[in-house]
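Accompanying notes for the structure given below.
There are 2 protein chains.
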Amino acid sequence: MSDHIEVCSFIHAHEEVVEMVRERMPEEELLYDLAELFKVFGDSTRIKILYALFESELCVCDIAQLLNMTQSAISHQLRVLKQSHLVKYRRDGKIILYSLADDHVRRIINQGMEHVEE
Amino acid sequence: MSDHIEVCSFIHAHEEVVEMVRERMPEEELLYDLAELFKVFGDSTRIKILYALFESELCVCDIAQLLNMTQSAISHQLRVLKQSHLVKYRRDGKIILYSLADDHVRRIINQGMEHVEE
DNA sequence: CATACATATGAACATTTGTTCATATGTATG
DNA sequence: CATACATATGAACAAATGTTCATATGTATG
Chain A
295 MSDHIEVCSF IHAHEEVVEM VRERMPEEEL LYDLAELFKV FGDSTRIKIL YALFESELCV
355 CDIAQLLNMT QSAISHQLRV LKQSHLVKYR RDGKIILYSL ADDHVRRIIN QGMEHVEE
Chain B
295 MSDHIEVCSF IHAHEEVVEM VRERMPEEEL LYDLAELFKV FGDSTRIKIL YALFESELCV
355 CDIAQLLNMT QSAISHQLRV LKQSHLVKYR RDGKIILYSL ADDHVRRIIN QGMEHVEE
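Those protein sequences? They're chains A and B, same order as listed. Sequential numbering of the first sequence, starting at 295, is according to our numbering. Sequential numbering of the second sequence, starting at 295, is according to our numbering.
This is the structure we're talking about:
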């Protein structure tokens, strides 16, 4: 453990460890997609929308009223959430009702909340 | 609850639902902090760093070599991860070794990965 | 204590991102 | 089919973010 090569000037880092780690890293693309997913959770407006949908399916105007934001802003954000498969929607007359896509959303947010609440 | 915004006529339906949801929403500040946390996960460089630290504690240069990035870029990102309490570090001679702060990190990432892998 | 090395930091820059404004699309109803 | 309503979209703009470059700080060793 402590037989570190003392020179860490980039060209001679802990070569074997680095190689071991490299081999175990997931695909570049997968890591990119994962970061993209978290990026979606990384905005307080979208977090609020998702939390709201924890309780009930809602239309765009409901959410706009709840968060005191414009219809347009909410619609733009819902599109992002749709594209990431975090919310789904159904039409009911002229209204479109949004809801959480599945239980992953809840679990991801809850895990995050556990860390934040410490 | 005073005047709201133009386009959408907020006088319409779902008032009670919106009120119910509003009451159950967590504190504004908590939601903000949660978004900030996910923002940290929302960058592929930082995701890669965290995944690397899944396998072994590493110094800045190790990570720079692994990801083929500059020492400076990695150092900047490690600072972000430190500030969010996602990584910790210890000194060993002139080297500083970084590792995951706790198991939340793993769990949050794994939950995210489940969603991405579908 | 002078030197080399490992890491940190600040400023500058390009890119990305969230909101607004104006307007378009789509859908039910008179 | 004309109208009103619910939602979507595109362009523009400001704010936030990640990397680079240059340099500073801190630490061991000869």
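Note that beta-carbon positions come from the ideal geometry of N, C-alpha and C, so glycine has one too. Predicted model, so just to flag it, every value in this text is computed and none were measured.
Alpha-carbon spacing of F332 (chain A) relative to R373 (chain A), whole angstroms:
Rounded to the nearest whole angstrom, the C-alpha separation of F332 (chain A) and R373 (chain A) is 16 Å.
Shorter than 8 Å, the distance from the beta carbon of M363 (chain B) to the closest heavy atom of the ligand MG, or not?
Absent from the structure shown: the ligand MG. Ligands present: none.
What does the alpha-carbon distance come out to for the pair I402 (chain A) and A329 (chain B)?
Approximately 12 Å, taken between the alpha carbons.
When DSSP labels each residue in this structure, what does K388 (chain A) get in the three-state scheme?
In the structure shown, K388 (chain A) sits in coil (DSSP, three-state: anything other than H, G, I, E or B).
Would you list, in sequence order, the uninterrupted alpha helix (DSSP H) runs of no fewer than 4 residues that lie entirely inside the region 348 to 382 of chain B?
Taking only runs of at least 4 residues, the alpha helix (DSSP H) segments lying wholly in the region 348 to 382 of chain B are 354 to 361 and 365 to 377.
From A:G387, A:V381 and A:E321, pick the residue whose C-alpha is nearest to that of V334 (chain A); which is it?
Answer by Cα proximity: A:V381.
Nearest residue (CA-CA) to R318 (chain B), options A:Y392, A:Q359, A:H379 and A:F348:
Cα-wise, what sits closest to R318 (chain B) is A:F348.
Given a cut-off of 9 Å on the beta-carbon distance, is the pair V413 (chain B) and S350 (chain A) in contact?
In this structure chain B extends from 295 to 412, so residue 413 (chain B) is not present and cannot be described.
Distance check for C353 (chain B) and L361 (chain A), CA to CA, integer angstroms please.
Spanning the two alpha carbons is a distance of roughly 44 Å.
Starting from R384 (chain B), find everything on chain A with Cβ-Cβ shorter than 8 Å and list it in chain order.
The premise fails here: R384 (chain B) is roughly 12 Å from chain A at the closest Cβ pair, so nothing lies under 8 Å.
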